[in-house]
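Step one of this worksheet: look at the structure below.
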Amino acid sequence: MESNRNNIRNNHKRTAVKRTSTNKRKGGTQNVNSFIKYLRSVKGTPDYFFLAIVIILLAYGIMMLFSAGSAKAYSDYGDVLYFVKNQLLGIGIGAVGMYLASKIDYHIYGGKIAELLYGGCTVLLILVVVGLGTTVNGATRWLFGFQPSEIAKIAIIILFSYKLSQPSGQKNLKKFKKGFLPYLVLLGIYVILLALEPHFSCIILIGLTAMLLLFVAGAPLKYFIEIAVPAVIGIVVLIMIEPYRMARVMTFFDPFADMQGSGWQIAQSLYAIGSGGIFGVGLGQSRQKFLSLPEPHNDFIFSVLSEELGLIGATLLIFLFILLLVRGIKIAAKAPDMFGMLLVVGIVGIVTLQALINIAVVTASIPVTGMPLPFFSYGSTALSITMTEMGIVLNVSRQSKLPI
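Per our numbering: the sequence shown ends with 404, consecutive numbering throughout.
Encoded structure:
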């Protein structure tokens with residue numbers, strides 16, 4: 001009798017172990033299937049109008065890069081196509097990234113992925129500032145051939161968008177200490193690391209984009225007013241501790257006071273823009289790009305564009321960025337959920353903010369800061385990342401519940 005009871009107990013144990021292992025296998029299979037589900041192609045139709053704007057900007061940008069950068073490319077590398085070749089490589093990589101991002105469900109970027117991306121980028125920024133980064137023009141921003149700050153931009157957007165779209169994020173956002181302050185801490189970590197590089201322009205861009213996301217998510221206006229004073233004080237301190245930044249601010253008030261020194265960049269930029277007139281001097285006919293204008297292929301490419309294509313060419317560029325913004329807002333408004341809406345707002349917002357700041361700098365509307373022009377300035381890594389971000393916007397448009 002006792003032997004039978006033992007056999008029954010052993011059978012129950014074996015059955016329990018078998019069920020547990022089966023459940024584990026099922027759980028593992030379910031997890032794998034859940035992950036694969038995100039990787040399946042989204043079947044909706046992307047916003048072809050938005051895609052067309054991106055393609056036109058890319059074509060316009062590569063044309064102007066060849067024209068603006070050919071002289072410097074030949075002078076520095078002996079090849080007029082040096083910048084164009086690298087940029088085309090970036091476009092090729094970016095096209096793959098944009099296609100994949102447009103097909104993969106954007107919801108995969110939420111949760112642990114958003115946190116890992118933020119944390120991983122934090123580690124990369126730390127590696128830059130502890131001595132592993134490459135120093136170029138007095139700033140240490142490069143690590144293994146790319147700038148982690150470019151990843152930091154999208155990392156902030158994804159993390160903020162996900163957390164702000166959660167019910168707890170929405171509920172706590174009305175409370176400063178519990179809801180608003182944690183986002184300032186997350187932003188502050190990046191600000192400190194970028195200040196150590198230093199990368200002042202990226203601090204401005206990431207800071208403005210983070211505030212935009214918080215505002216759109218519904219943070220009370222009084223919170224922005226409360227942090228405005230310490231933010232301004234912080235910016236003033238960052239300017240004052242670096243003599244070159246202070247010189248740029250002073251130059252802003254009178255660009256021609258020190259033509260051979262701190263005023264050289266902006267003075268040459270204004271000469272180029274003024275020479276273009278309404279119709280420009282002709283594509284490829286810029287004179288300022290011949291080693292007079294610093295960074296004609298990068299931060300000051302808009303100056304060369306204005307000189308060669310005049311007011312008409314400059315207006316066309318601005319119009320394209322306005323179209324990108326307006327269409328992006330429309331996609332955000334029709335997004336299937338708040339996470340998608342905030343993603344689009346953040347991505348389109350950071351691109352148009354960057355373009356606005358670049359144009360303001362080269363036209364002497366604000367003090368000089370190193371801010372490249374999206375789709376136009378030389379930088380294959382930055383371009384490929386920007387194109388991938390455009391793919392995320394297209395993916396959100398694919399899942400829109402209403403016609404765009």
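Beta carbons: idealized from backbone N, C-alpha and C, even for Gly.
Burial state of tyrosine 109 is buried, judged by a 10 Å Cβ sphere holding 16 or more other Cβ atoms.
Taking C-alpha positions only, proline 220 is separated from glutamine 268 by approximately 43 Å. In the three-state reduction of the DSSP assignment, threonine 363 falls in the coil class.
Counting the other Cβ atoms within 10 Å of the Cβ of proline 374 gives 16 or more, which makes it buried. Spanning the alpha carbons of proline 46 and phenylalanine 224 requires a straight line of approximately 35 Å. Here arginine 287 carries a coil assignment [DSSP, helix/strand/coil]. Between the C-alpha atoms of valine 361 and methionine 64 there is a straight-line separation of about 19 Å. According to DSSP, leucine 143 shares a beta bridge with Phe146.
The alpha-carbon of glutamate 242 is positioned some 45 Å away from that of lysine 334. Going by DSSP, glycine 97 is part of the alpha helix (DSSP H) stretching over 82 to 103. Taking a contact to require three or more Cβ pairs closer than 8 Å, the segment 149 to 166 and the segment 333 to 347 qualify as touching. Annotation for isoleucine 108: no alpha helix (DSSP H) segment contains it, and DSSP assigns it neither H nor E.
Apart from sequence neighbours up to five positions away, the residues of its chain that approach glycine 44 with a beta-carbon distance below 6 Å are Arg398, Gln399, ordered along the chain. Shown here, threonine 369 sits in coil according to DSSP, grouped into three states, outside any helix or strand. The beta carbon of glycine 169 sits closer than 8 Å to those of Lys163, Gly179, Ala217, all from its chain and outside the five residues before and after it, given in chain order. At least 7 Å separates the beta-carbon of glycine 274 from that of glutamate 308. From the listed residues Lys175, Leu238, Leu173, the smallest Cα separation to valine 191 is found for Leu238. Glycine 284 is positioned such that its CB atom lies no closer than 7 Å to that of glycine 310. For leucine 205, same chain residues with a beta-carbon under 8 Å away, outside a window of 5 residues either side, are Lys153, Ile350, Leu353, Gln354, Ile357, Met371 in chain order.
In the displayed model, threonine 45 falls within coil according to three-state DSSP, outside both helix and strand.
Take the alpha-carbon of proline 167 and the one of phenylalanine 253: they are about 47 Å apart. Partner residues in the beta bridge of threonine 134, as assigned by DSSP, are Trp142. DSSP places glycine 69 within a helical segment (H, G or I) once states are collapsed to three. When rounded, the separation of the alpha-carbon atoms in serine 380 and glycine 69 is 14 Å.
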